[in-house]
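I have placed the structure first, in the form of structure tokens, so that the comments after it can refer back to it.
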Amino acid sequence: MKPAVVLDASALLAALFVEIGHERVTSLLGRAAISAVNYSEVLSRQIRMGASFQLATANLAGLNLRVIPWDYELAEAAADLSPLGWTHGLSLGDRACLATARKLGVTAVTADRNWGALPALGIHIEVIR
Numbered sequence: 001m002k003p004a005v006v007l008d009a010s011a012l013l014a015a016l017f018v019e020i021g022h023e024r025v026t027s028l029l030g031r032a033a034i035s036a037v038n039y040s041e042v043l044s045r046q047i048r049m050g051a052s053f054q055l056a057t058a059n060l061a062g063l064n065l066r067v068i069p070w071d072y073e074l075a076e077a078a079a080d081l082s083p084l085g086w087t088h089g090l091s092l093g094d095r096a097c098l099a100t101a102r103k104l105g106v107t108a109v110t111a112d113r114n115w116g117a118l119p120a121l122g123i124h125i126e127v128i129r
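Given below as structure tokens:
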């Protein structure tokens, strides 16, 4: 089943840490996907904040997220977006989310407000806060 949205790490972290916009992300969880790059970011952030690897993975296991594997096609698509890194401050993780959303033809959901200023990319973007 095709997901309805692709979550950026910032959006999923907002849901995990009950930050502004968490309600919107929580409402999407049964229909959401995340790139493997962003999944790793979310795990890493939890570990940096003191969670064990086991706890971090357990926190995500019950969310029913489809993790989209990172492959050469998505790597190339994210690289194609690299000028946005220089002009709009997008990280590799940001570009991984956008490339994944573009590939699947779904909305990219983020908590990063600066995505609202991105030029037209042919990707629908929803900023949760």
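Reminder that position 88 of the sequence shown reads as 88 in our numbering, one-by-one numbering, no gaps.
Think of the CB as a built atom: it goes at the ideal place given N, C-alpha and C, for glycine as much as any other residue.
For residue i, which of helix, strand or coil comes out of DSSP?
i      : result
ALA142 : This structure does not reach residue 142, given that the chain is present from 1 up to 129, and the question cannot be answered.
GLU137 : Lying before the first or after the last residue shown, residue 137 is absent from the chain, which here runs from 1 to 129.
ILE34  : strand
VAL106 : coil
PRO20  : For clarity, residue 20 is Ile in the given sequence; the question names Pro instead. In this structure, ILE20 counts as coil in the three-state DSSP scheme.
Where residue i and residue j are concerned, what is the direct C-alpha to C-alpha distance, given to the nearest angstrom?
i      : j      : result
SER91  : ALA4   : 23 Å
HIS88  : HIS124 : 17 Å
VAL37  : ALA9   : 9 Å
LEU43  : ALA120 : 30 Å
GLY50  : ALA78  : 30 Å
ASP130 : GLY21  : Residue 130 falls outside the range modelled here, since the chain spans only 1 to 129, and no answer is possible.
LEU55  : LYS103 : 31 Å
ILE128 : VAL25  : 8 Å
PHE17  : GLU76  : 32 Å
TYR72  : ALA58  : 28 Å
ARG31  : GLU19  : 20 Å
PRO69  : SER52  : 23 Å
CYS97  : ARG48  : 21 Å
Apply the 10 Å Cβ neighbour rule to residue i and answer buried if 16 or more other Cβ atoms are within range, or exposed otherwise.
i     : result
TYR39 : buried
TRP86 : exposed
Just to confirm, is the Cβ distance from residue i to residue j under 8 Å?
i      : j      : result
ARG66  : ALA99  : no
ALA11  : THR110 : yes
LEU74  : SER27  : no
ALA101 : VAL6   : yes
GLU41  : GLY93  : yes
Taking residue i as the reference, give the member of the options with the closest Cα.
i      : options                      : result
GLN46  : ALA15, ALA120 and GLY105     : ALA15
ALA62  : TRP86, LEU7, SER52 and LEU29 : For the sequence presented, residue 62 should be read as Gly rather than Ala. Checking every option, the nearest Cα to that of GLY62 belongs to LEU29.
ARG130 : TRP86, LEU81 and GLY105      : Outside the shown range of the chain (1 to 129) lies residue 130, about which nothing can therefore be said.
MET1   : ARG48, ASN64 and LEU13       : ASN64
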